Every structure is written in structure tokens, then in C-alpha cells.
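Student:
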Amino acid sequence: MQKRLFLVIAVSLLAAACSSGSGTLPSDAPEEIAYDALVAEITTSGTPTVVNSWAAWCPPCRSEAHLLSTAAKLNEDISFIMLNTKDNPTDAAEFIAESFSDTPMTHYADPSGAVTFEMGGGRGLPVTFFYSSDGESVHVHLGILDEPTLAFYLDEINR
Amino acid sequence: MEFTLLAAAAIAVAAFWLMLRWEAKHGNAAGCTLDLWDAGLTAAAVGLAVGRLVAMAQTGINPFSDPAQIILVRSGVSTVGASVAALAMFAFLARKSFLEASDGIGPSALAGLAGWHIGSVVTGSWLGTVSTLPWAQTAPGSDITRHPIEIYAAALFFVAAFAIAAWKQKGRPPLGVPAGLSLAAAGVIRLITESFRVSLSGGPVLLYAAAAIGGLGVALWGATAKKRQNRAATR
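Top line first, the protein sequences correspond to chains B and E. Okay, so the first sequence: first residue is 27 according to my numbering, each after it adds one. Okay, so the second sequence: first residue is 65 according to my numbering, each after it adds one.
(1) Beta-carbon separation of Thr69/B and Leu109/B under 8 Å?
(2) Which word fits Thr175/B, buried or exposed, when buried means at least 16 other C-beta atoms lie within 10 angstroms of its C-beta?
(3) Beta-carbon separation of Glu173/B and Ser265/E under 8 Å?
(4) List, from N- to C-terminal side, the alpha helix (DSSP H) runs of 4 residues or more that fit wholly inside the segment 213-274 of chain E.
(5) Are any of the Cβ atoms in chain E nearer than 8 Å to that of Asp62/B?
(6) Within 10 angstroms of its Cβ, does Gly47/B collect 16 or more other Cβ (buried), or is it exposed?
(7) Should Ile107/B be flagged as near chain E, meaning a C-beta pair shorter than 8 Å?
(8) With distance defined between alpha-carbon atoms, name the residue in Ser138/B, Ile183/B and Asp181/B nearest to Glu12/B.
(9) What is the DSSP secondary structure of Ala287/E, counted as helix, strand or coil?
(10) Which one or two residues does DSSP pair with Arg88/B in a beta bridge?
(11) Output the distance between the C-alpha atoms of Ser18/B and Phe126/B, rounded to the nearest integer angstrom.
(12) For Leu151/B, which residues in chain E fall below 9 Å Cβ to Cβ?
(13) Can you pull the chain E residues whose beta carbon is under 9 Å from the beta carbon of Leu176/B, in chain order?
(14) Along the segment 97-126 of chain E, where does the CB come closer than 7 Å to a CB of chain B? Name the residues.
(15) My understanding is that Ala175/E touches Ser166/E, with C-beta atoms under 8 Å, so please give their C-beta distance in whole angstroms.
(16) In its own chain, which residues sit with a C-beta less than 6 Å from the C-beta of Gln233/E, not counting the 5 before and 5 after it?
(17) For chain B, find out if any of its Cβ atoms is closer than 8 Å to the Cβ of Gly140/E; answer yes or no.
(18) Nearest by alpha-carbon distance to Leu70/E: which of Leu82/E, Val185/E and Ala297/E is it?
(19) In angstroms, rounded to a whole number, what distance separates the CA positions of Val282/E and Ala152/E?
(20) Of the choices Leu64/B, Leu171/B, Ala55/B and Trp80/B, whose alpha-carbon is the least far from that of Gly150/B?
(21) In whole angstroms, give me the CA-to-CA distance for Ala121/E and Pro127/E.
(22) Counting only beta-carbon separations shorter than 8 Å, does Ala97/B have a partner in chain E?
(23) Beta-carbon within less than 7 Å of Gln201/E's beta-carbon, same chain only, minus the 5 sequence neighbours each way: which residues are those?
(24) Which residues bound the beta strand (DSSP E) around Ile107/B?
(25) When the Cα atoms are used, what is the spatial distance from Ala82/B to Trp101/E?
(26) Let me know if Gly95/E comes out buried or exposed under the rule of 16 or more other beta-carbons within 10 Å of its beta-carbon.
(27) Got a sec: is the Cβ-Cβ distance from Val76/B to anything in chain E below 8 Å?
(28) Taking C-beta pairs closer than 7 Å, name the residues in chain B that Ile37/E reaches, listed in chain order.
(29) Hey, out of Ala60/B, Pro130/B, Arg88/B and Ala135/B, whose CA is closest to Ile104/B's CA?
(30) With 8 Å set as the bound, which would you pick, yes or no: does the beta-carbon of Ser89/B sit closer than that to a beta-carbon of chain E?
(31) For chain E, is any of its Cβ atoms less than 8 Å away from the one on Pro23/B?
(32) For a contact meaning CB atoms closer than 8 Å, what does Glu102/B contact in chain E?
(33) From Ile170/B to Val137/E, what distance separates their C-alpha atoms?
(34) Just the chain B side, please: which residues come within less than 8 Å of Gly205/E by C-beta, in chain order?
As C-alpha cells, this is what we get:
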């Protein structure tokens, strides 16, 4: 009897541990977006757009966050879309609160990485996509951004 | 993995080495006991590491909790931190014959900077503000013509390096003057070329201005040293 009781308690605890957190996203986690919806947003916005695919577990993504945040604050005429890719929603929400709290950016999630792949990324993170105001892809930057490169392509899409 | 920065660094080191070799054949840094190649590379490595640490601190990344991020050089190196640390490290290494060593390494350091700017063509960030000049270049897939600023910088640094080196060999300038002129040239060239760069921050203009003024001050001090000595002797 004691063995059965112990087994029931153990299974219940295991089930509780496995289910805790799953299915309930943090309220400030970025919302999931489909490829078509993202393309529609870029093409209809009428403004130049930068899309950055990132993840909280990716050190280069964390490292370039400050640069992107500064650029977004300095260029309010350019839309900055941060696409959180293949990430844990809780970690993503924490990093957004920590690094982008007062930054004019839009945040979306791409849990499977399919959106980043369809846009031309998919070979590792971070990836940054630059679009002109008519939605035309101007440049895809694979890997970490430095300030001259970011400033240069912001100038390219803003003309 | 990106290797373009490594390629740029390799070009810079090669240019530095070639200039040192060329100058050594003409009796560079006579009276200096320091190995300039060793000191130059050590100062550059220390400058790079400190510059990266300063950049991490400025962007809110804790080097103790995220030590691996120090190798992410591409995400930012503080020019001010790197320059000050490199100069301080060189001053420490060359403390026994500072002026001789500084005169000896000045043109080679300028050549190394020229190599770095050539390397920036490899990294892809070599174009600046919009230009309609005949030699303006476009980025791949773009029709916007721009100043090739890294070519400007490389050319100016090479000209300055060779001019100072040639003057050292023929004119035998007073101690400290080649070092001062090299520092001033670095500041002036960066002030000129950075004005063509598309930038988010505007660049460390004050550092370049300080280098130009400080370098000219050192050169002037060196040029008038003999006069001062003579005046002191006649008193």
C-alpha cells in the first residue's frame, strides 16, 4: 500500500513538474507571426524596415542588442522588427524587458525558425534583413553586426 | 564564423612588419634596445582586449558573467579605450628608451593602420557618404554611389608612413619629432576620413583631435629641444 501511494505521489509530482509552465506563455512574451503576415507588414508599412532574427541563448545576438536599440532610437523613421527565433518565451521576455524596454521596436516570435529560414536566413543567428520603404530586400547580413555596417545599411534603405 | 576581421588584422600586421623590415635596413631606431615588432604586437593585442572590455561595459555586458563575449570583437571595440591602452602598454614596454622606440615604431604603426583600412574592404564596410565623384563606388546590389573612405584612409596612412620614414632616413630629425608627427598624422587622417563615414555615433572626434594636437606638441617639443639645451648652456 505504501509502495503504491509512494508511486502515485511520485508520478503526480513528475507530471506536475513536466506540465508546469508549458502551455502558458508569459504575458509579455513576443507574439508568434507567420511568414506571410510578416512580409505583408514589411511591404505595407511604407517605411524602411530592419528585421533582426535573434535568440536570448545566442551570445552574439545579446551583444548586438545595444547597437540595435541605439539605432532604433536614433532612426524613428525606420521600423525595427525583432524576430525572436527558436527561443524560450520566458527568456525572450526577460531579455526584451532588460534590453529593449524603452525602444521603438516591434517584437514577434518565430518558435520553429521557419520564418527566418523563408526570409533567407537559417544558417545560424543573428541574421539581419534590411528592406527599403517599398518592401524590397536590400541586404541580408549573416552574423553579428558592427556599427559601421548597421549605419551604412540604414542609410542605404533610408534613401 | 566570420574570418573577415581576421583577414583585416592579418593585412595590418603584414603592413606593420614590412615597414619595420624596410626601416630596419636603414638603421631604424638606433639606440633603442626594445624589440619593436614584439612591443608593437603586444601593445595592439592589449589595446584590442581593453577596447573590447570597455565596449562591453558601455553596452551593459558584464565581462565576469559573460567572459566569452570578449572574443566577439565585431560587436564593438571602444576606439578610445583601445588607443589609450595600446599607447600606455607601449609606453610601459619602452620606458627605458621611450622616445627612440616611439620614433622607431611611428611610421610602422601608420603602415599597420593603412593595412587595417585596406582590410576593411574585405570586411565589406568600406563605403561612406553619398558621392557623385568619378571614383565613387556602390555596394553590391545598390545603385547609390559613395565615397570609398577606407581607400582614402589607407592611401593617406601609407603616404604619411613613407614620408615620415623617408625623412627619418635622410633628414635625421631631432628625437621625438617622427613619433609626434606620426601621432598627429593619425589624428588628422582619422578626422578627415571620419567626416565621410556614415555613423550612428559620430565617432570619437575628440580623441582624434587630441591625437593631432598632442602629436604636434610632441613634435614641436622635440624640434626645439636642442635650442632649449643651447639656451640653458649659455646661461
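The beta carbon of each residue, even a glycine, is placed where N, CA and C say it ideally should be. Since we're looking at a predicted model, the values are computed, not measured.
Tutor: The short version:
(1) no
(2) buried
(3) yes
(4) 213-235 and 241-258
(5) no
(6) In this prediction, Gly47/B has a pLDDT of 43, which is less than 50 and means its spatial position is unreliable; nothing more can be read from the coordinates.
(7) no
(8) Within the shown structure, residues of chain B are numbered from 27 to 185, placing residue 12/B beyond reach of any answer.
(9) helix
(10) In the DSSP output, where bridge partners are listed per residue, Arg88/B has none listed.
(11) Because chain B spans 27 through 185 in this model, residue 18/B falls outside it and cannot be assessed.
(12) Correct list: empty, because the minimum Cβ distance to chain E is about 13 Å.
(13) In chain order, Leu264 make up the part of chain E whose C-beta sits under 9 Å from the C-beta of Leu176/B.
(14) Thr123, Gly124 and Ile125
(15) About 15 Å; that fails the 8 Å criterion.
(16) His90
(17) yes
(18) Val185/E
(19) 16 Å
(20) Trp80/B
(21) 7 Å
(22) yes
(23) Within the same chain, Gln201/E has close Cβ partners Leu191, Thr209, Arg210 and Pro212.
(24) From DSSP, the beta strand (DSSP E) with Ile107/B extends over Ser105 to Thr111.
(25) 41 Å
(26) By the 10 Å Cβ count, Gly95/E comes out exposed.
(27) no
(28) The requested residue 37/E does not occur in the structure, where chain E is confined to residues 65 to 299.
(29) A check of alpha carbon separations from Ile104/B across Ala60/B, Pro130/B, Arg88/B and Ala135/B identifies Pro130/B as the nearest.
(30) yes
(31) The question about residue 23/B has no answer, for chain B in this structure spans 27 to 185.
(32) Simply none; closest approach about 13 Å.
(33) The C-alpha of Ile170/B lies about 10 Å from the C-alpha of Val137/E.
(34) Val164 and His165
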